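If you're matching positions, the sequence shown starts at 31 in the numbering used here and goes up one per residue. Beta carbons are placed, not taken as given, at the ideal position from N, Cα and C, and that holds for glycine. Given the structure is predicted, the values throughout are model-derived calculations rather than measurements. What follows is one structure encoded as structure tokens, with my remarks underneath.
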Amino acid sequence: MRYSQLLIPTVKEVPAEAEIASHQLMIRAGFIRKLASGTYTYLPLGLKMLNKVTAIIRQEMNATGAQEILMPIVQPMELWEQTGRRTAYGENLGWFTDRHGRQNVLSPTAEEIVTTLVAGEIRSYKQLPINLYQINTKFRDEFRPRFGVLRSREFLMKDAYSFHADLPSLEQTYRQMYEAYCRIFARCGLPYVVVEADSGPIGGSASHEFMVPTDTGEDLLFYTADGSYAANVDRAEVDPPAKQPPADSPAMQEVHTPNTGTIEAVCEFLRTRREELIKTLVFKADERIIVGLVRGDHEINAAKLSRSAGAESVDLAGEGDIMNLTGAAVGFAGPMGMAEKADLMLIDHAVAAMAVGIAGANKTDYHVRHVVPGRDFPLGGDRVAVTDIRNAIQGDVHAGKVLLSRRGIEVGHVFKLGTKYSEKLNACFLDANGQERPCIMGCYGIGVNRVIASAIETGNDANGCILPIAIAPFEVEVLSINADNAQVTGMAEKLYAELTHAGADVLLDDRPVRAGVKFKDADLLGIPLRLVVGEKALAAGKTELKRRTDEKPAMVGLDDAVAETLKALDQLRAACRPEHA
Ligand code: ATP
Ligand code: MG
31 MRYSQLLIPT VKEVPAEAEI ASHQLMIRAG FIRKLASGTY TYLPLGLKML NKVTAIIRQE
91 MNATGAQEIL MPIVQPMELW EQTGRRTAYG ENLGWFTDRH GRQNVLSPTA EEIVTTLVAG
151 EIRSYKQLPI NLYQINTKFR DEFRPRFGVL RSREFLMKDA YSFHADLPSL EQTYRQMYEA
211 YCRIFARCGL PYVVVEADSG PIGGSASHEF MVPTDTGEDL LFYTADGSYA ANVDRAEVDP
271 PAKQPPADSP AMQEVHTPNT GTIEAVCEFL RTRREELIKT LVFKADERII VGLVRGDHEI
331 NAAKLSRSAG AESVDLAGEG DIMNLTGAAV GFAGPMGMAE KADLMLIDHA VAAMAVGIAG
391 ANKTDYHVRH VVPGRDFPLG GDRVAVTDIR NAIQGDVHAG KVLLSRRGIE VGHVFKLGTK
451 YSEKLNACFL DANGQERPCI MGCYGIGVNR VIASAIETGN DANGCILPIA IAPFEVEVLS
511 INADNAQVTG MAEKLYAELT HAGADVLLDD RPVRAGVKFK DADLLGIPLR LVVGEKALAA
571 GKTELKRRTD EKPAMVGLDD AVAETLKALD QLRAACRPEH A
């Protein structure tokens, strides 16, 4: 294609609102334009990239036997009420009332729809397993859309849903999807890691996330140096620390600590360190009141807490519930008496290991010193459990190995769902004995836009994008300098035609602009290979061939230019090819 005929509105200035490289570069390179908060238009080059990613996804999904379908974006609210997800999705759910007064959801995902479909079409175990997928727009009314298309409100997702008669069949498809995802991300040229992820109340390691490691990622992952373990923050299990030797602690002592409703304020007031405090947090899960205890320097993890409590999700309790429970203002809750008052008290291992600590007194403006876990509040019993409910931190230990941490972008997620949706939406089949049973399900998502943005986030330099060959809008850019010289432009046209004929995806920068402008734009767009035709080199019978990652171009004889470019192209393509593809 010809640059002069494409809408590629590159910009020099870094857009003020764009905080991270990929967001800045996608705008500067003219790949996307913002319409409103969290919604973007894809311009020709951006769309070309999206299409390359979806083509790879389709190929790999189809190769596993998954079947592509297309489901409506506008979905009846009743289905979301039937599964209880209207509430579970909360404010993120976008919906509207139509002219007939019916409520409709804008699809944030499609379990309800695909399960309803299968409920109507599948009767017998002989029709199972089946894996259905679509590549379609999703809408989520994200609280804080940011980082361009990485967290937008409207985005493109590949979502697949598999249905099975038994667990081994689910296991098999799950493995297949996992492996297909590895091939997809490898082919897209993404550096990725797979981590164990939270699977909610289903339990087990029934969920994996595919993460692109980068400091600007919103997710936190933990891994061991030998690569034997990797998990996201909601999953990363921490070994319990050794119990501190018992201190000969005096009895508890109440201290007046006015206006110290935060950990910082207490530490300053009592001149103590955070790790000497016991933080008492109050949560609600449905109608249950759950108290969580973590050390002052640790953060409680809501997903771990939910799992330990056997709840779908937990929310921080409101002021009223906290005052009811503790009889004190927020910020002064403590563990004493909570085993009796709360429905459940979950104590983090690190708190149970403390010899002594400082806690809230359940009395406004008071704390208690010399609190001894096990003496002043129980470490076991009917409604008390010691467990892992905090965020891991770098240096924690898992199965005897030190955990390292880094940030990452979640690009994909595979999930064993079980029968949660099939039971509620009655997607049943008759087994070999004529018994009716609910289908066992798996689901598998990829954020298509995130694939592009994370490729740019991890592939760029001061001059612009450095794109993986398989998803770059073009593989080769042919660039003519001295655009007023007919010999130069003639040669550029010839090379462009020959490369295109040989199957390369080529952009010809045929604009009548200065060479400097063309070079700058070429660097910004980040097309992997560049072939330059200029007056001087041409007179010497040569052209310049340069990878986007090369410091300097290589001089190539005119007769070899096409062959050399194709050779370099093959090498780049091979680097993005998983071994068995
Ligand atoms: P996150 O934790 O980042 O909000 P999620 O876990 O809610 O994402 P899933 O429901 O697992 O997302 O959706 C499948 C995939 O869709 C994700 O792995 C991600 O790549 C993509 N995705 C989810 N939310 C967004 C968004 N707001 N913008 C762009 N892509 C998204
Ligand atoms: Mg996810």
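| In chain order, each beta strand (DSSP E) run of at least 3 residues that lies wholly inside the region 341-418 | The beta strand (DSSP E) runs of length 3 or more contained entirely in the region 341-418 are, from start to end of the chain, 374-378, 387-390, 396-401 and 414-417.
| query | Quick one: does the C-beta of leucine 529 sit closer than 7 Å to a heavy atom of the ligand ATP? | reply | Checking every heavy atom of the ligand ATP against the Cβ of leucine 529, none is found closer than 7 Å.
| message | Would alanine 333 and aspartate 264 qualify as a contact pair, given that the criterion is a beta-carbon distance under 8 Å? | response | Yes, Cβ-Cβ distance for alanine 333 and aspartate 264 is below 8 Å.
| Which partner residues of histidine 443 appear in the DSSP bridge assignment? | The partner list for histidine 443 (beta bridge, DSSP) reads Glu239 and Gly475.
| request: Take the Cβ of alanine 500 as the centre, count every other Cβ of all protein chains shown within 10 Å, and call the residue buried at 16 or more, exposed below. | output: With 16 or more other Cβ atoms within 10 Å, it is buried.
| task | Indicate, with yes or no, if the ligand MG has a heavy atom lying under 7 Å from the CB of histidine 238. | result | Every heavy atom of the ligand MG is 7 Å or more from the Cβ of histidine 238, so no.
| said: Buried or exposed, going by whether 16 or more other CB atoms sit within 10 Å of the CB of arginine 129? | reply: Exposed, by the Cβ-count rule.
| Which first and last residues belong to the beta strand (DSSP E) in which valine 135 is found? | Taken as a continuous stretch (DSSP letters only), the beta strand (DSSP E) holding valine 135 covers 133-136.
| said: DSSP three-state label for serine 67, please. | reply: Collapsing the DSSP output to three states places serine 67 in coil.
| request: Indicate, with yes or no, if the ligand ATP has a heavy atom lying under 7 Å from the CB of phenylalanine 169. | output: Taking non-hydrogen atoms of the ligand ATP into account, the C-beta of phenylalanine 169 is found less than 7 Å away from none of them.
| Residues that glutamine 105 bridges to, as DSSP identifies them | Partner(s): Val135.
| query | So does asparagine 456 have its beta carbon nearer than 7 Å to some heavy atom of the ligand ATP? | reply | Asparagine 456 Cβ: outside cutoff for every heavy atom of the ligand ATP.
| field | Straight-line Cα distance separating arginine 337 from histidine 379 | value | Their backbone Cα atoms lie some 15 Å apart in a straight line.
| said: I'd like to check one pair, isoleucine 319 with aspartate 373: are the Cβ atoms closer than 8 Å? | reply: With contacts defined by Cβ atoms closer than 8 Å, aspartate 373 and isoleucine 319 form a contacting pair.
| said: Suppose the cutoff is 6 Å on Cβ atoms and the five residues either side in sequence are ignored; what does the same chain contact list for glycine 247 look like? | reply: Only Arg437, Gly438 and Ile439 meet the Cβ criterion.
| field | As assigned by DSSP and simplified to three states, the class of serine 510 | value | Strand at serine 510.
| field | Three-state secondary structure assigned by DSSP to tyrosine 222 | value | DSSP places tyrosine 222 in coil when its eight states are reduced to three.
| said: Does glutamine 274 come out as helix, strand or coil in the three-state DSSP assignment? | reply: If DSSP states are grouped into helix, strand and coil, glutamine 274 belongs with coil.
| In chain order, what residues of the same chain have a beta carbon less than 7 Å from the beta carbon of lysine 64, not counting five sequence neighbours either side? | So the list reads Tyr70, once near-sequence residues are dropped.
| query | How long is the line joining the alpha carbons of lysine 548 and leucine 77, rounded to whole angstroms? | reply | When rounded, the distance between both Cα atoms is 22 Å.
| request: Tell me whether the beta-carbon of methionine 187 lies closer than 8 Å to the beta-carbon of alanine 483. | output: A distance of 8 Å or more separates the beta carbons of methionine 187 and alanine 483.
| Any heavy atom of the ligand ATP closer than 7 Å to the Cβ of leucine 602? | Of the heavy atoms belonging to the ligand ATP, none sits nearer than 7 Å to the Cβ of leucine 602.
| request: Within the same chain, show all residues whose beta-carbon is closer than 8 Å to that of glutamate 121, passing over the 5 residues directly before and after it, in chain order. | output: Hits under 8 Å: Asp171 and Phe173.
| query | When we look at the beta-carbon of aspartate 245 and count the other beta-carbons within 10 Å, is it buried (16 or more) or exposed? | reply | Looking at its Cβ environment, which holds fewer than 16 other Cβ atoms inside 10 Å, aspartate 245 is exposed.
| alpha helix (DSSP H) containing phenylalanine 215: first to last residue? | Phenylalanine 215 -> alpha helix (DSSP H) spans 197-217.
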